[in-house]
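Engineer:
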Amino acid sequence: MTNLSRCALLFLLSGTSTAFTLQSHHPTFQTNKLQQRQELFLSAVKEDKETVKEEKEEKKSKSFDLNTYLLSKKETIETALEASVQSKVPQTNKICESMLYSLMAGGKRIRPVLCIAACEMFGGSEADAMPTAVALEMIHTMSLIHDDLPSMDNDDLRRGKPTNHIKYGDDVAILAGDALLSTSFEHVAENTPKTIDPLRILDVVVRLGKSVGPVGLAGGQVMDLECEGRGEGAVTLEDLTWIHTHKTATLLQVAVASGAVLGGATKEEVESCEKFALNIGLAFQVADDILDVTASTEELGKTAAKDLDADKTTFPKLLGLEESKIEAKRLVDEAKDSLSQYGDRAAPLLAIADYIIQRTN
Ligand code: GRG
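Counting in our numbering, the sequence shown runs from 122 upward without gaps.
1. Just the C-alpha distance for Phe306 and Leu329, rounded to the nearest angstrom, thanks.
2. Identify every residue that forms a DSSP beta bridge with Lys282.
3. Where in the region 194-227 do unbroken runs of the beta strand (DSSP E), each at least 3 residues long, occur, reported from the N-terminal end onward?
4. In or out: Ala254 buried (at least 16 other Cβ within 10 Å) or exposed?
5. Please state if the CB of Val377 and the CB of Leu235 are separated by a distance shorter than 8 Å.
6. When DSSP labels each residue in this structure, what does His147 get in the three-state scheme?
7. Run the CB neighbour count on Gln462, radius 10 Å, all protein chains shown included, and call it buried at 16 or more, exposed below.
8. Between which residues of its own chain and Ala408 is the CB-CB distance below 8 Å, once the five residues before and five after are set aside?
9. Three-state secondary structure (DSSP) at Arg230?
10. Whether or not the region 345-354 and the region 428-443 are in contact is what I'm after, with contact meaning three or more pairs of Cβ atoms, one per stretch, closer than 8 Å; do they touch?
11. Can you give me the C-alpha to C-alpha distance between Leu460 and Ile322, rounded to a whole angstrom?
12. Heavy atom of the ligand GRG less than 7 Å from the Cβ of Val333, yes or no?
13. Could you check where the alpha helix (DSSP H) with Ala365 kicks off and where it finishes?
14. If I'm right that Val293 touches Ser332 with Cβ under 8 Å, what's the distance once you round it to whole angstroms?
15. Whole angstroms is fine: what's the gap from Glu419's alpha carbon to Arg279's?
16. What would DSSP say about Thr313, mapped onto helix, strand or coil?
17. Decide if Ala486 is buried, meaning its Cβ has at least 16 other Cβ atoms within 10 Å, or exposed.
18. DSSP on Pro335, reduced to helix/strand/coil?
19. Only counting the same chain, and skipping five residues up and downstream in sequence, which positions put a Cβ closer than 7 Å to that of Thr142?
20. Any heavy atom of the ligand GRG closer than 7 Å to the Cβ of His267?
21. CB Asp249 to CB Leu373, shorter than 8 Å?
22. Restricting to runs no shorter than 4 residues, where is the alpha helix (DSSP H) found entirely within the region 402-462?
23. Do Ala426 and Val414 come within 8 Å of each other at the CB atom, strictly closer than that value?
24. Nearer than 7 Å: is that true of the beta carbon of Asp292 relative to any heavy atom of the ligand GRG?
25. For Pro271, is the classification buried or exposed, using 16 other Cβ atoms within 10 angstroms of its Cβ as the cut-off for buried?
26. Name the two residues that bound the continuous alpha helix (DSSP H) containing Met251.
27. Taking 8 Å as the cut-off, decide whether the C-beta atoms of Val309 and Ala256 are in contact.
28. In whole angstroms, what is the alpha-carbon distance linking Gly354 and Cys240?
29. Taking the alpha carbon of Gly337 as the reference point, which residue from Thr362, Ala370, Leu442 has its own alpha carbon closest?
30. With distances taken between CB atoms, is the gap from Thr304 to Met259 smaller than 8 Å?
31. Return the Cβ separation of Thr262 and Ser223 in integer angstroms, given the expectation that the two are a contact with Cβ distance under 8 Å.
32. Just tell me which of Asp345, Asp454, Thr200 has its CA closest to the CA of Glu400.
33. Does Pro271 come out as helix, strand or coil in the three-state DSSP assignment?
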């Protein structure tokens with residue numbers, strides 16, 4: 122019993138004894154008073170129970186152990202990724218080796234984890250989401266390989282290792298990216314469990330396709346290239362938000378939405394997930410821009426201060442470092458609000474949202 126209900130009980134008991142003493146003089150008045158006190162007591166107990174329930178739920182979601190969760194998911198994801206590209210004839214050894222080199226080079230595996238967590242939130246299983254989770258990581262890896270090419274960001278370090286074109290040459294790196302992209306769609310269509318409604322699988326394939334095209338990775342990257350070196354003040358916050366919504370946030374959005382679709386979510390539920398993911402996607406990029414100027418090359422596993430060198434517009438350049446941190450936190454808070462209706466079931470997604478702006482690489 123908490124203090125609130127203890128007080129209410131004392132109040133009730135004191136009222137009861139007074140009522141007995143005075144009852145002979147004013148019976149009706151005293152009965153009403155006693156009833157009022159009983160009602161007050163019952164409503165205090167009810168309120169008390171609700172507070173305890175809320176406190177328990179808050180504790181439970183706070184006690185959710187993200188590290189253990191990420192580690193266990195990462196293990197099954199890595200196994201599925203490794204199995205997803207296999208050379209079956211000697212002629213494909215080189216292309217498969219190059220694809221696997223980047224796919225298995227490490228990485229946080231955020232997109233696959235988001236997809237699985239969203240699927241599980243709606244009652245689906247890890248196995249239901251795994252082929253899409255693998256496809257998302259293939260698409261993401263393809264975009265990293267192409268982004269690092271000399272004609273794009275021209276980088277020689279990724280995930281702590283020489284970039285794909287440094288190891289295999291530009292020609293093979295381009296083709297490894299292309300092969301990962303096409304294999305991603307084949308993988309979803311062929312390996313998603315047959316227990317899932319084919320229309321839901323088709324929905325996922327459409328979402329994946331859209332996330333790579335003109336209103337996805339490719340469109341975001343072209344706008345980014347166009348804005349590069351435009352000079353101080355020429356790139357607005359609106360331009361920057363458009364670039365990163367398409368280059369970064371869209372794939373995270375598709376990861377969460379696809380997981381929800383595969384888990385059996387309704388249209389409205391998928392929309393709430395999309396809202397959540399778009400905000401964490403933008404927060405992810407704000408955090409990335411902050412890390413670019415605050416973390417070392419060793420911590421990042423890629424060249425630090427690259428955006429400064431390339432004369433790129435970033436959130437810290439437009440907003441300042443402190444304001445960028447505040448903006449990232451605001452985006453994450455807004456994202457978390459979109460999942461409030463799911464209570465404890467959203468614990469993994471909520472914890473990932475916090476991690477996205479607290480990460481160090
Ligand atoms: C070829 C059709 C086609 C499209 C590619 C190159 C390109 C177009 C887009 C670039 C997309 C890109 C590299 C965006 C940056 C996204 C980002 C923040 C990457 C870092 O993601 P993390 O931190 O990396 O999840 P890890 O290594 O942990 O997986």
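Cβ atoms here follow ideal geometry from the backbone N, Cα and C, with glycine treated the same way.
Since we're looking at a predicted model, the values are computed, not measured.
Structural biologist: Answer, in terms of the structure:
1. Mapped onto the sequence shown, residue 306 falls at position 185. Mapped onto the sequence shown, residue 329 falls at position 208. Each residue's Cα considered, the two are about 8 Å apart.
2. The residue you call residue 282 lines up with position 161 of the sequence shown. Within the DSSP secondary-structure output, Lys282 pairs in a beta bridge with Arg279.
3. None, since the region 194-227 contains no complete beta strand (DSSP E) of that length.
4. Position 133 of the sequence shown holds residue 254. So Ala254 counts as buried.
5. Position 114 of the sequence shown holds residue 235. Position 256 of the sequence shown holds residue 377. Yes, Cβ-Cβ distance for Leu235 and Val377 is below 8 Å.
6. What you label residue 147 is simply residue 26 of the sequence shown in a count that begins at 1. With a pLDDT of only 45 at His147, under the threshold of 50, the placement of this residue in the model should not be trusted; the figure read from the coordinates follows. Residue state, collapsed to three classes: coil.
7. If you number the sequence shown from 1, residue 462 lands on position 341. By the neighbour-count rule (16 or more Cβ atoms within 10 Å), Gln462 is not buried but exposed.
8. Position 287 of the sequence shown, counted from the first residue, corresponds to residue 408. Cβ within range, chain order: Ala449, Ile477, Ile478, Arg480.
9. The residue given as residue 230 occupies position 109 in the sequence shown. Look at Arg230 here: in three-state DSSP terms it is coil, with no helix or strand label.
10. Judged by Cβ distances under 8 Å, the region 428-443 makes contact with the region 345-354, as three or more pairs qualify.
11. Reading the sequence shown from its first residue, position 339 is the one you call residue 460. Reading the sequence shown from its first residue, position 201 is the one you call residue 322. Each residue's alpha carbon lies about 24 Å from the other.
12. As a position in the sequence shown, residue 333 is number 212, starting the count at 1. Within the chosen limit of 7 Å, the ligand GRG reaches the beta carbon of Val333 through at least one heavy atom.
13. For the purposes of this step, residue 365 is identified with residue 244 of the sequence shown, where counting begins at 1. The amino acid at residue 365 is misidentified as Ala; the sequence shows His. Its alpha helix (DSSP H) spans residues 358-365.
14. For the purposes of this step, residue 293 is identified with residue 172 of the sequence shown, where counting begins at 1. For the purposes of this step, residue 332 is identified with residue 211 of the sequence shown, where counting begins at 1. Your pair Val293 and Ser332 does not check out as a contact, with CB atoms roughly 25 Å apart and the cut at 8 Å.
15. Indexing the sequence shown from 1 puts residue 419 at position 298. Indexing the sequence shown from 1 puts residue 279 at position 158. Just so you know, the alpha carbons of Glu419 and Arg279 end up roughly 11 Å apart.
16. Counted from its first residue, the sequence shown places residue 313 at position 192. Three-state DSSP puts Thr313 in coil, outside helix and strand.
17. With the chain covering only 122 through 482, there is no way to say anything about residue 486.
18. As a working mapping, residue 335 is identified with position 214 in the sequence shown. It is coil, neither helix nor strand.
19. As a working note, residue 142 is residue 21 in the sequence shown. Residue confidence for Thr142 is low, a pLDDT of 38 falling below 50, so the modelled location carries little weight and cannot support an answer.
20. If you number the sequence shown from 1, residue 267 lands on position 146. His267: yes, Cβ under 7 Å from the ligand GRG.
21. On the sequence shown, position 128 is the one that residue 249 refers to. On the sequence shown, position 252 is the one that residue 373 refers to. In this structure, Asp249 lies away from Leu373, with their beta-carbon atoms at least 8 Å apart.
22. Counting only runs of 4 or more, we get 418-421, 427-430, 436-440, 442-458.
23. Working through the sequence shown from its first residue, we reach residue 414 at position 293. Working through the sequence shown from its first residue, we reach residue 426 at position 305. Their beta carbons are under 8 Å apart, which means Val414 touches Ala426 by this criterion.
24. Looking up residue 292 in the sequence shown gives position 171. No, Cβ of Asp292 sits at least 7 Å from all heavy atoms of the ligand GRG.
25. Numbered from its first residue, the sequence shown carries residue 271 at position 150. So Pro271 ends up on the exposed side.
26. Walking along the sequence shown from the start, residue 251 turns up at place 130. Residues 247-268.
27. Here the question's residue 309 lines up with position 188 in the sequence shown. Here the question's residue 256 lines up with position 135 in the sequence shown. A Cβ-Cβ contact shorter than 8 Å links Val309 with Ala256.
28. Locating residue 354 in the sequence shown gives position 233, counting from the first residue. Locating residue 240 in the sequence shown gives position 119, counting from the first residue. About 42 Å.
29. For the purposes of this step, residue 337 is taken as the residue at position 216 of the sequence shown. It is Ala370.
30. Walking along the sequence shown from the start, residue 304 turns up at place 183. Walking along the sequence shown from the start, residue 259 turns up at place 138. Going by C-beta atoms, Thr304 is nearer than 8 Å to Met259.
31. Walking along the sequence shown from the start, residue 262 turns up at place 141. Walking along the sequence shown from the start, residue 223 turns up at place 102. Contact between Thr262 and Ser223 is confirmed by a C-beta separation of about 5 Å, below the 8 Å threshold.
32. Working through the sequence shown from its first residue, we reach residue 400 at position 279. In the sequence as displayed, the identity of residue 400 is Asn instead of Glu. For Asn400, the nearest C-alpha among the options comes from Asp454.
33. Residue mapping note: residue 271 aligns to position 150 of the sequence shown, counting from 1. Looking at Pro271 - three-state DSSP - the assignment turns out to be coil, as it is neither helix nor strand.
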